[in-house]
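Numbering (this note's numbering), first residue to last: 3 to 237.
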Amino acid sequence: MESIAISRKSVLLVGASRGLGFAMAEEFLARGWNVTGTVRGTARTRLHELSDRTPERIEIETLDITALDQIGAMRSRLATRTFDMLFVNPGVTNDPNETIGEVATEEFVRVMVTNALSPMRVVERFCDLVAVDGLIGVMSSGQGSVANNTIGKREVYRGSKAALNMFMRSFAARHSANRRTMVLMAPGWVRTEMGGPDARLTIEDSIPNVVSTLLATLGKPGLHYLDYLGRPVSW
Ligand SMILES: NC(=O)c1ccc[n+]([C@@H]2O[C@H](COP(=O)([O-])OP(=O)(O)OC[C@H]3O[C@@H](n4cnc5c(N)ncnc54)[C@H](OP(=O)(O)O)[C@@H]3O)[C@@H](O)[C@H]2O)c1
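Right under this line is the structure:
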């Protein structure tokens with residue numbers, strides 16, 4: 003019998019080893035997409051286990067987003083590829099109780115470089131691998147909203163996500179003539195290693211909705227700052 007080739011949509015998912023990024027890999031797979039996911043270093047991760055079960059639909063790349071040489075090397079490896087979606091998920095936090103007056107300079111730099119500068123470097127270097135009508139997404143946070151910050155706390159983390167939002171707005175302004183959709187995603191407060199056990203949402207509450215929101219926004223050019231239920235977040 004003649005085999006029928008299925009053309010699947012594809013996502014390049016940066017930071018898919020665990021937590022929300024891994025859950026997004028599982029969800030995209032369940033929705034019929036092929037996933038190229040990245041991990042750091044050489045250790046086996048949950049993404050490797052998922053890939054063992056569906057090797058033909060998951061590819062694993064290695065990337066520490068703070069390492070410029072690794073961004074360049076991965077860009078070269080993927081030079082001939084086109085993805086329907088690029089989603090940049092990685093993020094870190096410092097001690098959430100530390101105020102901006104207390105944080106050590108190195109810790110401030112670590113959070114800002116990982117959460118604001120490095121995701122944008124990935125977006126800048128990989129954007130042309132995204133289909134002209136595709137989607138470029140970055141994991142922001144509701145805590146990145148300046149307008150909604152009425153209680154303080156998590157000051158450095160908030161600042162890093164607000165900076166990420168601003169950099170993404172500049173990127174979008176520079177690319178306003180193109181048809182790609184851009185999304186800053188606020189996934190809600192979710193029980194992961196970062197979110198902690200007291201978080202309001204489970205991964206199952208958040209991630210299927212995050213993916214549905216991305217799929218519903220695909221094809222709507224411009225920059226959207228949205229929560230996991232697809233609601234606009236105030237800048
Ligand atoms: N959980 C929440 O409540 C919440 C709320 C709003 C926004 N977010 C955002 O959602 C994203 C994922 O958070 P999470 O809760 O899943 O956190 P998590 O469980 O701590 O996972 C963090 C992920 O980021 C990766 N990562 C960290 N630094 C990296 C780097 N330099 N290069 C490449 N990958 C790196 C980690 O990879 P390794 O496994 O190699 O460490 C891991 O895959 C973050 O951007 C976070 O700010 C989370």
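Cβ atoms here follow ideal geometry from the backbone N, Cα and C, with glycine treated the same way. These figures come from a predicted structure and were not determined experimentally.
- Taking 8 Å as the cut-off, the Cβ atoms of residue 235 and residue 144 count as close.
- In this structure, ligand 1 has a non-hydrogen atom nearer than 7 Å to the beta-carbon of residue 93.
- Pairwise C-beta distances place the stretch 7-22 in contact with the stretch 79-99, as three or more of them are shorter than 8 Å.
- With the rule of 3 Cβ pairs closer than 8 Å, the stretch 115-132 counts as touching the stretch 164-171.
- For secondary structure counted as the alpha helix (DSSP H) over 4 or more consecutive residues, the stretch 90-169 holds these complete runs in sequence order: 107-114 and 120-128.
- In this structure, DSSP gives residue 76 a helical state, which the three-state scheme calls helix.
- Note that the C-beta distance between residue 39 and residue 10 is not below 8 Å.
- The residue among 27, 141, 194 and 187 with its C-alpha nearest the C-alpha of residue 61 is 27.
- Inclusion of residue 131 and residue 183 in the CB contact set at 8 Å is not warranted, their separation being larger than that value.
- By alpha-carbon distance to residue 231, the top candidate from 216, 224 and 237 is 216.
- Under the three-state reduction of DSSP, residue 231 is assigned to coil, being neither helix nor strand.
- In chain order, 42 and 72 place their CB closer than 7 Å to the CB of residue 66, counting only its own chain and leaving out the 5 sequence neighbours on each side.
- According to the DSSP secondary-structure assignment, residue 15 is paired through a beta bridge with 39 and 89.
- By the criterion of at least three beta-carbon pairs nearer than 8 Å, the stretch 122-140 is not in contact with the stretch 103-111.
- Residue 201 has its Cβ nearer than 7 Å to a heavy atom of ligand 1.
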